[in-house]
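Q: Could you have a look at this structure, given as structure tokens, before my questions?
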Amino acid sequence: MVCLEEAITVSGEHKPVLVEEALVALAIRPFGKYVDATFGRGGHTKKILAALNSEGRVLAIDQDPEAIRSGQAALGDDARLRLHHGSFGELEDTVSELGWRGDVDGILLDLGVSSPQLDTPERGFSFSVDGPLDMRMNPAYGMDAASWISQAREQEIERVLREYGEERYARRIAKAIVNARAQNPITRTRQLAEIVAAAHPKWEPFKHPATRSFQAIRIFINQELSVLESVLPQCFRVLKTGGRLAVISFHSLEDRIVKNFMRTAARGDDYPLDVPVTADQLHPQCRLVGKAVRPGEEECRYNPRARSAVMRVAEKI
Ligand SMILES: C[S@@+](CC[C@H](N)C(=O)[O-])C[C@H]1O[C@@H](n2cnc3c(N)ncnc32)[C@H](O)[C@@H]1O
């Protein structure tokens, strides 16, 4: 079976998604200060740096120590770049430590996992290569997937699969996991993929039956949605007026959070419908820049991972 995960990871490198579109969205000023909050392998950071002059600066953040190590090796000599190991959930503190609060020209969030994370069996993200069942983007922080699977209640596993993976067969799969762990501890990615595949009654073409379950567990283990919810308001606190926020999502749940946040921030304060207020009195925080941007056919052909990407952009006012 050819599955999306295999298709996107054969090359081992990370192909950045919507790069040109992100540069346009950020409206790069050559002397500006930019935050790439999801450095990965620096695909977007490199392009931003190329558009800056010697005065411009980039703060690049990633919670994966491997991403930061690779960034040091590839770009460590560029004095305009500051690499920071940490979660973008602490964006405001990290930016404040540099003295950039309220002075940032643009922030990019390119959410999810990178191809090297999926490709490296030891990271435990992949159902197609065997490895320890870990799935933490920062292996020094929080509980790994094997520990969670070993002790979570059946209903909790079901909830995670349903909520974060939109898995229709969450109940069956959760039951199968609990039955299997009573026989042997589930410690390997292949082991979990086989348990899920055996329990899954409806295999979709070109999609491994464990795709949704692995995605759900990864999102849960890394608390991806709650960290996203917490970073978005921080972005408007650190941006300068006129500064841009661009967010690339790969999952409908992420995109919903981003879309609702930006719309609400663009609308401003809530008043009862019968209270007459002027636009000024609503205190909107931003204006929406264009519509949602999706990659074109050519990008999706060249990089199948791009297929589910959607970018939304807002400008602080
Ligand atoms: C899709 S990749 C980014 C790829 C990057 N734009 C490039 O072109 O190479 C997402 C990256 O964000 C990182 N990441 C995800 N959640 C994070 C968080 N809460 N804080 C910091 N980094 C995070 C992941 O470790 C991963 O390296």
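Numbering-wise (our numbering), the sequence shown opens with residue 86 and increments by one. All C-beta atoms, glycine included, are put in the ideal place defined by N, C-alpha and C.
What do you reckon, are the CB atoms on Leu-103 and Pro-389 nearer than 7 Å?
A: Reading the sequence shown from its first residue, position 18 is the one you call residue 103. Reading the sequence shown from its first residue, position 304 is the one you call residue 389. No, the Cβ-Cβ distance between Leu-103 and Pro-389 is not below 7 Å.
Q: If you draw a straight line from the alpha carbon of Lys-292 to that of Ser-298, how long is it in whole angstroms?
A: For the purposes of this step, residue 292 is taken as residue 207 along the sequence shown, with counting starting at 1. For the purposes of this step, residue 298 is taken as residue 213 along the sequence shown, with counting starting at 1. Distance between the alpha carbons of Lys-292 and Ser-298: 12 Å.
Q: Report the three-state DSSP secondary structure of Thr-94 (helix, strand or coil).
A: Residue mapping note: residue 94 aligns to position 9 of the sequence shown, counting from 1. Since pLDDT at Thr-94 reaches only 38, below the 50 mark, its modelled position is unreliable, and no value is offered.
Q: Any residue with its C-beta under 5 Å from a non-hydrogen atom of ligand 1 counts. Can you list them all in chain order?
A: My final list is His-99, Pro-101, Thr-123, Gly-125, Arg-126, Gly-128, His-129, Asp-147, Gln-148, Asp-149, Ala-152, Ser-172, Phe-173, Asp-195, Gly-197, Ser-199, Met-222 and Val-312.
Q: Using CA coordinates, which residue listed in Leu-193, His-169 and Gly-161 is at the minimum distance from Pro-150?
A: Along the sequence shown, read from residue 1 onward, the residue named residue 150 stands at position 65. Selected option, being the one with the closest Cα: His-169.
Q: Ile-262 lies in the alpha helix (DSSP H); which residues open and close that run?
A: Here the question's residue 262 lines up with position 177 in the sequence shown. Run containing Ile-262: 255–268, per the alpha helix (DSSP H) assignment.
Q: Is DSSP giving Thr-363 helix, strand or coil here?
A: Against the sequence shown, residue 363 aligns to sequence position 278. Here Thr-363 sits in coil by DSSP.
Q: For Tyr-119, which residues does DSSP report across the bridge?
A: In the sequence shown, the residue the question calls residue 119 occupies position 34. Val-143 and Gly-191, per the DSSP bridge assignment.
Q: Out of curiosity, what's the CA-to-CA distance linking Gly-327 and Asn-264?
A: Along the sequence shown, read from residue 1 onward, the residue named residue 327 stands at position 242. Along the sequence shown, read from residue 1 onward, the residue named residue 264 stands at position 179. Using only the alpha carbons, I get a separation of about 55 Å.
Q: Between the C-alpha atoms of Ala-351 and Thr-363, what's the straight-line distance to the nearest angstrom?
A: Position 266 of the sequence shown holds residue 351. Position 278 of the sequence shown holds residue 363. So the two alpha carbons sit approximately 14 Å from each other.
Q: In this structure, does DSSP put Pro-290 in helix, strand or coil?
A: The residue you call residue 290 lines up with position 205 of the sequence shown. Looking at Pro-290 - three-state DSSP - the assignment turns out to be coil, as it is neither helix nor strand.
Q: Where does the unbroken beta strand (DSSP E) through Ile-333 begin, and where does it stop?
A: Here residue 333 corresponds to residue number 248 of the sequence shown, with the count starting at 1. Residues 324–334.
Q: I believe Ile-306 touches Met-220 by the beta-carbon criterion, under 8 Å. Please report the beta-carbon distance rounded to the nearest angstrom.
A: Sequence index remark: in the sequence shown, residue 306 carries index 221 (1-based). Sequence index remark: in the sequence shown, residue 220 carries index 135 (1-based). Contact flag correct, Cβ pair sits at about 5 Å.
Q: Checking the sheet assignment: what are the DSSP bridge partners for Cys-371?
A: Within the sequence shown, numbered from 1, the residue matching residue 371 stands at position 286. DSSP output for Cys-371 lists Lys-401 as bridge partner(s).
Q: Beta-carbon separation of Val-332 and Arg-397 under 7 Å?
A: The count along the sequence shown starts at 1 and reaches residue 332 at position 247. The count along the sequence shown starts at 1 and reaches residue 397 at position 312. Yes. Within cutoff.
Q: From what residue to what residue does the beta strand (DSSP E) around Arg-167 run?
A: Indexing the sequence shown from 1 puts residue 167 at position 82. First-last of the beta strand (DSSP E) with Arg-167: 166–170.
Q: Return the bridge partner residues of Val-378 from the DSSP annotation.
A: In the sequence shown, residue 378 corresponds to position 293, counting from 1. Per DSSP, Met-396.
Q: Using beta-carbon positions only, say whether Phe-173 and Ile-133 come within less than 7 Å of one another.
A: Residue numbering aside, residue 173 sits at position 88 when the sequence shown is read from its first letter. Residue numbering aside, residue 133 sits at position 48 when the sequence shown is read from its first letter. No, these two residues do not count as a Cβ contact at 7 Å.
Q: Compare the C-alpha of Asn-269 against each of Ala-231, Ala-283 and Gln-157 and name the closest.
A: Counting from 1 along the sequence shown, the entry for residue 269 is found at position 184. It is Ala-231.
Q: Per the DSSP calculation, Arg-273 is bridged to which residue(s)?
A: In the sequence shown, residue 273 corresponds to position 188, counting from 1. DSSP lists Pro-217 as partners of Arg-273.
Q: Spatial neighbours of Leu-138 within its chain, please: CB distance less than 7 Å, with the 5 preceding and 5 following residues excluded, ordered by chain position.
A: Translated into positions along the sequence shown, residue 138 becomes position 53. The sequence shown places Asn at residue 138, not Leu. For Asn-138, where only same-chain residues beyond five positions count, the Cβ hits under 7 Å are Pro-115 and Phe-116.
Q: Using C-beta distances below 8 Å, list every residue in its chain close to Ala-295, excluding the 5 sequence neighbours before and after it, in chain order.
A: The residue you call residue 295 lines up with position 210 of the sequence shown. Taken in chain order, the residues that qualify are Phe-212, Leu-277, Ala-278, Val-281, Ala-282 and His-285.
Q: Measure the C-alpha to C-alpha separation of Ile-113 and Ala-136 and round it to an integer number of angstroms.
A: On the sequence shown, position 28 is the one that residue 113 refers to. On the sequence shown, position 51 is the one that residue 136 refers to. The alpha-carbon atoms of Ile-113 and Ala-136 are separated by roughly 7 Å.
Q: If you run the structure through DSSP and keep just helix, strand and coil, what is Arg-386?
A: Taking the first residue of the sequence shown as position 1, residue 386 is located at position 301. In the structure shown, Arg-386 sits in a helix (DSSP, three-state: H, G or I).
Q: Taking Cβ positions, are Gly-191 and Tyr-119 nearer each other than 7 Å?
A: Position 106 of the sequence shown, counted from the first residue, corresponds to residue 191. Position 34 of the sequence shown, counted from the first residue, corresponds to residue 119. Yes. Within cutoff.
Q: Give me the Cβ distance between Ile-234 and Ile-258, rounded to the nearest whole Å; I'm assuming they're in contact under 8 Å.
A: On the sequence shown, residue 234 is found 149 positions in, with the first residue counted as 1. On the sequence shown, residue 258 is found 173 positions in, with the first residue counted as 1. No, Ile-234 and Ile-258 are not in contact; Cβ-Cβ is about 11 Å, not under 8 Å.
Q: List the whole-angstrom C-beta distance separating Arg-256 from Glu-243, where the pair is believed to meet the contact cut-off of C-beta under 8 Å.
A: The residue you call residue 256 lines up with position 171 of the sequence shown. The residue you call residue 243 lines up with position 158 of the sequence shown. So it is a contact: roughly 5 Å between Cβ atoms.
Q: Out of Glu-314, Lys-325, Val-374 and Cys-385, which one is the CA nearest neighbour of Glu-175?
A: Working through the sequence shown from its first residue, we reach residue 175 at position 90. Among Glu-314, Lys-325, Val-374 and Cys-385, the Cα nearest to that of Glu-175 is on Glu-314.
Q: For Ala-225, which residues in the same chain have their Cβ closer than 8 Å to its Cβ, ignoring the five residues on either side in sequence?
A: Numbered from its first residue, the sequence shown carries residue 225 at position 140. Counting only Cβ-Cβ distances below 8 Å, and skipping sequence neighbours, we find Pro-150.
Q: Looking at Thr-123 and Arg-194, is the spacing between their C-beta atoms short of 7 Å?
A: As a first step, residue 194 must be located in the sequence shown, where it is residue number 109. As a first step, residue 123 must be located in the sequence shown, where it is residue number 38. Here residue 194 is Leu; the residue named in the question, Arg, does not match the sequence. For Leu-194 and Thr-123, yes; Cβs fall inside 7 Å.
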